[in-house]
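Under UniProt numbering, the first residue of the sequence shown carries the number 1, and numbering increases by one thereafter.
For every residue, glycine included, the Cβ atom is placed at its ideal position computed from N, Cα and C.
One structure is given here, and the rest of the page talks about it.
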Amino acid sequence: MVGGGQGAFIGGVHRIAARLDGAFALVAGALSSTPEKSRASGAELGLDPARCYADFRAMAQREARRKDGVEAVAIVTPNHMHAGPAIEFLKRGIHVICDKPLTATMAEAKKLARVAAESKALFILTHNYTGYPMVRQARAMVARGDLGRIRLVQVEYVQDWLTEAVEATGSKQAEWRTDPARSGAGGALGDIGTHAYNLAAFVAGMEPQALAADLASFVPGRQLDDNAHVMLRYADGAKGTLWASQVAPGNENGLRLRIYGDKGGLDWGQEDPNRLWFTPFGQPRQLLTRNGAGALPENNRVSRVPAGHPEGYLEAFATIYSEAAQAIRAHQAGQALPAGVHFPTLADGLAGMRFVEACVQSARRNAAWVTL
């Protein structure tokens, strides 16, 4: 693991997700930006001191030379520190599992893409919300035509934790997320807007061709957006909207997706993830549940416990790691990807970067339409 040391949030989530299905063991890390803190973090996790590295370059070099060196690395740093470690490990044939968004800038993303294309290793991006069983169910229902021709895509990810200037209080998580040098061009847009964009594309099976974005920084002095309203146009005439906000009081992690076609509609929310509402046009609304009546194979294959027992955020995150493990094993054996395995790739990361870039361009032009 690169990053994820003392005081980090997402590193602990990755570690839980990685070991939930028994496919990964953490054996090495460059866990912090200082050698002292990296060693202290490694000690807390029970790592061999010899494999607690001062920086990611030393880790990549030494682990690549070891007979028992790491097979994969999880990169859980702020956005501006994604590209460097990913490139170092990919060059050495070590598989990369990277937190989103892909990088802080499009230039970094393109450089990473060139290295990944030449590497023999896999690149997995952890857009973890695609790992929910009911999200897989929704994707399968759209693909088999249950909604008919898609007309409307409505997605939102709404929080309230940045309603005040939390970055000025010493909050590590708020500081880097509101800093353009570390976060990139998008604030709420890059942090949670990319999740919403990826989820909509994953389930709907299509990406927009153009968008118009209205971005705002409501908190005085904040350098990056904390609210985004985005209109979306698709190739076949479908329309969509995306709302990402971190200044909406009363919302914690309100990720919600609604898709409507000429035959029916779907409605799913992350805070009640084991339920999916399906409404065939002209018929009563139907409640579909994880592993319940009407559950599809795509749902069942990523469910872990019997129906009625809740599965949530950590399990969805673990699904991405489990899929990554299956992909890595198949890759090592020279076999095709197992049927049904899905995980976000470099292409998804580049799509997210194009989304952020286009939104920023649009906002600078008074919400003008921009082609993706």
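With a threshold of 16 other beta carbon atoms within 10 Å, GLY250 falls short and is exposed. Proximity to PRO133 across TYR234, ALA248, TRP243, VAL305 peaks at VAL305, based on C-alpha coordinates. With a contact defined as Cβ atoms closer than 8 Å, THR194 and ARG222 miss out at about 19 Å. Boundaries of the alpha helix (DSSP H) around VAL203: 194-204. For ASN198, the CB contacts under 8 Å within the same chain, skipping 5 residues up- and downstream, are LYS100, HIS127, TYR129, THR130, PRO344, ASP348, ALA351, GLY352 in chain order. DSSP links MET353 through a beta bridge to no other residue. A residue is called buried when at least 16 other Cβ atoms come within 10 angstroms of its Cβ; ASN366 does not meet this threshold and is exposed.
Judged by beta-carbon spacing, GLY7 lies beyond the 8 Å limit of VAL76, meaning their Cβ atoms are not closer than that value.
DSSP places GLU156 in the strand class (E or B) of the three-state scheme. In the structure shown, the three-state DSSP call for LYS239 is strand. Looking only at TRP369, HIS331, VAL360, the smallest Cα-Cα distance to PHE123 is reached by HIS331.
In this structure the stretch 234-241 lies against the stretch 203-221, because at least three pairs of beta carbons, one per stretch, are closer than 8 Å.
In this structure, ALA23 sits near ALA325, with a CB-CB distance shorter than 8 Å.
When Cβ pairs closer than 8 Å are counted between the two stretches, the stretch 43-56 is seen to touch the stretch 18-33, the count reaching three or more. One thing to note: PRO78 has its Cβ no nearer than 8 Å to the Cβ of TRP161. Annotated three-state conformation of THR319 is helix, per DSSP.
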